[in-house]
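Numbering (our numbering), first residue to last: 11 to 511.
Even glycine gets a Cβ: it sits at the ideal position worked out from N, Cα and C.
In this text, all values refer to a predicted model and were calculated from it rather than measured experimentally.
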DNA sequence: GCCGTTTTCGGCCCGACTGTTTTCAGTCG
């Protein structure tokens, strides 16, 4: 098991302890351990072999012994036993809004309800009303929650809701009713997939809050506060929850209480006029919203090692582009015009290769015709450059799907997987590494193959692939399609790079 | 289960909201 798998296993243990009604702080200890392991530098095996587990903060005797067992046997009896004692359906039930571990436990133990289907039926038969702490409204909410879950996952692509949120913000600003207005929550953090739109605004006096459902089906929370509270509220509602928790933890150790109304030292408000000041009071550099996930950013801020994020204006050009030659919607000329209008100084054209039948992959003749067209355009625009490329399929054996004499004609080659997604982990890793090793390959396209809200990433040793890319000096694509998005975050850490996916 | 300029026991982040209660437990972000 690698760090990610162990981290996930401990997370599940915590969940199961909650379902069993164990001491909640015991469950939290497992959550903390899960987080610690995920962020651990180096190989977990080395810690076990060198007896250094006890030195890790958050890992004590009991969890240390479990890690020892995992590393030595590849499994954990404590986990397996726990898992066997809890019906699978209970995990599903936890996803229903308003249902937490305590209520699920009661429903399971008192009514012997083990799945969402059974729960739905129990609601219809009014059986939840007999339970202590349950009433008509609770039962109705659970029933509604199940119905909503059945027809709708309640998740949206960032690209779908970003402009809606911007539009609402613009309307609020133009209304003249609010002095300041900002999108917060997961959209401000630029999460790939979001559940709702959070927004804050300030007015002269008084506070209020409202929730509405937009036509697109997404919920929007608007919180209105007085101006003085703005930075604290902005920070609080931007989250993430995990980031806020870690920040409060740190503050508490400094004798400071943090909530959405301010920072307090012995009940006295510490005045801050911006998020920068809030972080500064806590001894931290400013942390950009995009990395507020408690993935090590607080430690980085303390050591003045916050990475410089790429901004829109940093982007001078882009390489992965399809035209109507394959499955794109626009001509080469139209793509060039659009890129010029965006202020880009170059683009790389990379239509699909011949194996991608579904996407009308290019034959040799079509390639020749496109290369000629690109040359004509490069003659026409002296201040703009079009690079000749191709998105070549990585075949199941790791080879690219054109011969050398064709691949040689391009300025760059993107190698991507578009078929046979279900290879075993080792085979898939081998396949990608072989493609990276190919002398014609310039970059690896969408390395995990995931489609947000639609298709899971394929089985893959991502770390090994990143190492191979570094070894062969190849580029890994940061994909900007709203359905794929970055896939890999490179976090500057010491000399090396760390993949978080 | 973990931790300790609160140090070997007693605490573990914070507040709002909801629904069930009649003072609070559970859930959520």
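If contacts are defined as beta-carbon pairs under 8 Å, then residue i and residue j qualify, I think. What distance do you get, rounded to the angstrom?
i	j	result
residue 175	residue 193	5 Å
residue 204	residue 197	6 Å
residue 187	residue 207	Not confirmed; about 18 Å, so no contact.
residue 420	residue 346	Residue 420 to residue 346, Cβ: 18 Å. No contact.
residue 455	residue 425	7 Å
residue 178	residue 230	7 Å
residue 168	residue 201	6 Å
residue 74	residue 92	Incorrect: roughly 18 Å between the Cβ atoms, too far for contact.
residue 464	residue 403	Residue 464 to residue 403, Cβ: 20 Å. No contact.
residue 49	residue 254	Wrong, their Cβ atoms sit about 17 Å apart, outside the cutoff.
residue 335	residue 361	5 Å
residue 310	residue 289	Actually they do not touch by this definition, with Cβ atoms about 12 Å apart.
residue 210	residue 244	6 Å
residue 300	residue 199	6 Å
Can you give the Cα-Cα distance for residue i and residue j, rounded to whole angstroms?
i	j	result
residue 265	residue 339	58 Å
residue 20	residue 409	39 Å
residue 292	residue 308	10 Å
residue 130	residue 148	13 Å
residue 513	residue 316	The shown model of the chain, from 11 to 511, leaves out residue 513, and the question about it has no answer.
residue 12	residue 378	46 Å
residue 326	residue 489	15 Å
residue 232	residue 417	53 Å
residue 356	residue 330	12 Å
residue 364	residue 436	26 Å
residue 487	residue 457	7 Å
residue 294	residue 39	25 Å
residue 142	residue 479	58 Å
residue 485	residue 423	10 Å
residue 152	residue 106	7 Å
residue 287	residue 324	26 Å
residue 180	residue 407	52 Å
residue 182	residue 195	17 Å
residue 429	residue 384	29 Å
Looking at C-alpha atoms only, which residue of the options is the closest neighbour of residue i?
i	options	result
residue 238	230, 153, 189, 257	189
residue 343	105, 353, 359, 370	359
residue 461	53, 374, 195, 494	494
residue 24	32, 382, 37	37
residue 427	470, 104, 385	470
residue 119	138, 304, 107	138
residue 481	449, 468, 173	449
residue 17	81, 59, 34	81
residue 240	369, 191, 181	191
residue 108	154, 412, 183, 385	154
residue 172	124, 226, 123	226
residue 413	451, 144, 370	451
residue 55	79, 224, 34	79
residue 433	411, 369, 467	467
residue 159	492, 263, 127	127
residue 332	354, 391, 388, 401	401
residue 453	415, 276, 483	483
Residue i by DSSP, collapsed to three states: which one?
i	result
residue 217	coil
residue 172	helix
residue 233	strand
residue 477	helix
residue 256	helix
residue 223	strand
residue 246	helix
residue 240	helix
residue 463	coil
residue 451	coil
residue 403	strand
residue 133	helix
residue 114	helix
residue 358	strand
residue 31	coil
residue 270	coil
residue 141	coil
residue 328	strand
residue 334	coil
residue 178	helix
residue 12	coil
residue 37	helix
residue 352	coil
Touch test, the segment 25-36 against the segment 97-114, Cβ-Cβ under 8 Å, three pairs minimum: yes
At least 3 beta-carbon pairs within less than 8 Å: the segment 319-330 vs the segment 259-273: no
Stretch-stretch touch, CB-based, cutoff 8 Å, three pairs: the segment 252-266 with the segment 208-222: no
Three-pair Cβ contact test at 8 Å for the segment 68-83 versus the segment 45-56: yes
At least three beta-carbon pairs within less than 8 Å, the segment 439-448 to the segment 469-476: yes
Touching by the beta-carbon criterion (3+ pairs, under 8 Å), the segment 97-111 and the segment 79-87: no
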